[in-house]
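See structure below.
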């Protein structure tokens, strides 16, 4: 690093420009990662935070994936899942987006659950549960509706009393979640026969939420039960793709991140290619003076490491700071996965670009210094 | 240690034929002395100097060699590193142009030579300052090359070549960019330092007017050693 550090100091303008470019790319990648994670959470947190092991969907059309929009499960399927060995609890869960009004009006997603199901956040600690005629609001729903405990909230044909405001963020497809009793859910959100009220054994929920016991069923047993009951089970994480907006949104943002990462590798590689060509004369002199290939490579790669390290560090710090500020008004998540992980990937890809560029120092001919040919 | 070049022949591909740059040259430079290698442009002086410096390593076409040729490429790279080690440990080279590294101060140009040998750069600072003093630029130790005159740069290049106590000193046209007076001073400096350090110095030049301090002279023409041409 003897030469590398002195080159950095001597050509500080060029390196400052490059470090700025790397920092800006890092900022974009990290902030986009934070936004992707934030939007993902705003789209799926109510599902991923469910205290369950699997969700059983009604089978989709041939060749399609299950979706919350189209899934309808029957009481028979729910009861059959409850009898499967290893399944500790099988609770019906209704999911429907409805228009609700309190002090203000907003779209919310109503989760229909049975009292005592344990699917409402906080109820396990003795907090308020759902019951007929009442609703539990998430924090986001309470803010959106301007409602608090004891207020009346209109949802479809029903007027419900706010029993509690859960101390949890829960969102589904970018709408805040409210919890109502499964019976009330039939009135505000159910589709098909249940909504028409003419089916004794009709669809009563969107999915069956499964909690395993101490001896959970094997994957084979789950598959066999799926086949027997005509359902498709998925983990809460897998069930994110059953939310119609999530997959397309996540794919678009992830693709943008991938492009930015590729661009960063190209930009860093291009800079060090030009830089290495510019200093080819000095490298030829060094080789003629006796510098080994390893010495030259170590010096050049070390220089690239400094540029990448400082640039990525600055960009990551900037993105983390901006993310924390933006979190008040935007769905962003600032954590290890949206700061350090992009930083490590950027250093790795940028380093790859730089290494490919600087290896040309090994091919510089010392005769260039001696002008022998 | 004497410098001995024994039946040196250097040829390059040249179209369909071969260009012989150096042909059957045998030459010995005793330690502690300086020998001037004279000849017109294109006579092969710098080529002979390049052979003496052993920097003829990987062939140019090795860079684009196919995968099957990776073995030869690796061997060529090892040979290049062996030649580099030889230059680092035993040979001091002064190029036709000073070829100083732009980002380094005068003192750092010399400390770099220690660093190339794997020693801490500042480990021989006193030696570096003594050399700079010997060539008369100690007062410029913290300046960068852009702030030096042509003669000062050439003096720094000579000091750099001597930094690792070489047994052989190869000096290529050190006076080409200098006026006569400074050219003579540089040649005197090379002769004196070679004697003091007991190094064998081979000095390439086509400017005989600066060579008063040099006793031994050989002439090269068309790649071969020849008798000194008659004075006109």
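Residue numbers (my numbering), protein chains in the order written: chain F, 1 to 373; chain D, 1001 to 1232.
We put the CB at the ideal spot given by N, CA and C, even for glycine.
Going by CA-CA distance only, name the one from D:1109, D:1011, D:1044 and D:1049 that's closest to residue 286 (chain F).
-> That would be D:1109, whose Cα lies nearest to the Cα of residue 286 (chain F).
List the whole-angstrom C-beta distance separating residue 1148 (chain D) from residue 1140 (chain D), where the pair is believed to meet the contact cut-off of C-beta under 8 Å.
-> 6 Å
Using 7 Å as the limit for Cβ to Cβ distance, is residue 1156 (chain D) near chain F?
-> Judged by the 7 Å Cβ criterion, residue 1156 (chain D) is not in contact with chain F.
Within 9 Å of chain F by C-beta, residues of the segment 1100-1130 of chain D in sequence order = 1100, 1101, 1102, 1103, 1104, 1105, 1108, 1111, 1112, 1113, 1115, 1116, 1117, 1118 and 1121
Under the three-state DSSP convention, the category residue 111 (chain F) falls into = strand
Short Cβ contact (7 Å threshold) for residue 33 (chain F) with residue 334 (chain F) = No. Outside cutoff.
Contact check, residue 1010 (chain D) vs residue 1021 (chain D), beta carbons under 7 Å | yes
In the DSSP assignment, find the unbroken beta strand (DSSP E) run with residue 212 (chain F) in it and report its ends.
-> 207-212
When the distance is taken between beta carbons, is residue 69 (chain F) closer than 7 Å to residue 244 (chain F)?
-> yes
Using the beta-carbon count (16 or more within 10 Å), is residue 1093 (chain D) buried or exposed?
-> Looking at its Cβ environment, which holds 16 or more other Cβ atoms inside 10 Å, residue 1093 (chain D) is buried.
Pick out whichever of F:45, F:239 and F:317 has its Cα sitting closest to the Cα of residue 207 (chain F).
-> F:239
Proximity below 7 Å, CB of residue 343 (chain F) to CB of residue 272 (chain F) | no
For residue 275 (chain F): DSSP bridge partner residues = In the DSSP output, where bridge partners are listed per residue, residue 275 (chain F) has none listed.
Can we say the segment 1093-1103 of chain D touches the segment 266-285 of chain F, given the rule of at least three CB pairs closer than 8 Å?
-> yes
So which residues on chain F does residue 1093 (chain D) lean against when the C-beta distance must stay under 7 Å?
-> 288 and 289
Please work out which residues of its chain come closer than 7 Å, Cβ to Cβ, to residue 48 (chain F), disregarding the five sequence neighbours upstream and downstream, and give them in chain order.
-> 236, 237 and 240
Residue range of the beta strand (DSSP E) that residue 1219 (chain D) falls in?
-> 1216-1221
Residue span of the alpha helix (DSSP H) that contains residue 77 (chain F), given as start and end | 75-82
Could you pull out every unbroken alpha helix (DSSP H) segment of at least 4 residues lying fully inside the segment 1088-1117 of chain D, listed in chain order?
-> 1106-1116
Going by DSSP, which residues form a beta bridge with residue 1008 (chain D)?
-> Bridge partners of residue 1008 (chain D): D:1025.
Of the listed residues F:230, F:97 and F:27, nearest to residue 43 (chain F) (C-alpha basis) | F:97
Nearest residue (CA-CA) to residue 158 (chain F), options F:31, F:101 and F:172 = Residue 158 (chain F) has its Cα closest to that of F:101, out of F:31, F:101 and F:172.
Per DSSP, cross-strand counterpart(s) of residue 147 (chain F) | Residue 147 (chain F) pairs with nothing; no bridge assigned.
Go ahead and label residue 278 (chain F) buried or exposed: buried means 16 or more other beta carbons lie within 10 angstroms of its beta carbon, across all protein chains shown.
-> exposed
Which residues in chain D sit within 9 Å of residue 212 (chain F), going by Cβ to Cβ distance?
-> The contacting residues do not exist; residue 212 (chain F) stays about 54 Å from chain D at best.
How do the segment 140-150 of chain F and the segment 77-97 of chain F stand: do at least 3 beta-carbon pairs fall below 8 Å, yes or no?
-> no
Taking DSSP as the reference, what is the three-state secondary structure of residue 152 (chain F)?
-> strand
Test: residue 1084 (chain D) CB closer than 7 Å to a CB of chain F = yes
Is the CB of residue 26 (chain F) under 7 Å away from at least one CB in chain D?
-> Answer no: the Cβ-Cβ gap between residue 26 (chain F) and chain D never drops below 7 Å.
Rounded to whole angstroms, what's the CA-CA distance from residue 246 (chain F) to residue 332 (chain F)? Just pull it up for me.
-> 15 Å
Do you know how far the Cα of residue 248 (chain F) is from the Cα of residue 67 (chain F)?
-> 14 Å
Look up residue 7 (chain F) in the DSSP assignment and say whether it is helix, strand or coil.
-> Shown here, residue 7 (chain F) sits in a helix according to DSSP, grouped into three states.
Are the C-beta atoms of residue 273 (chain F) and some chain D residue less than 7 Å apart?
-> no
Grouping DSSP H, G and I as helix and E and B as strand, with all else coil, what is residue 1019 (chain D)?
-> Taken through DSSP and simplified to helix, strand or coil, residue 1019 (chain D) comes out as strand.
Output the distance between the C-alpha atoms of residue 6 (chain F) and residue 1012 (chain D), rounded to the nearest integer angstrom.
-> 38 Å
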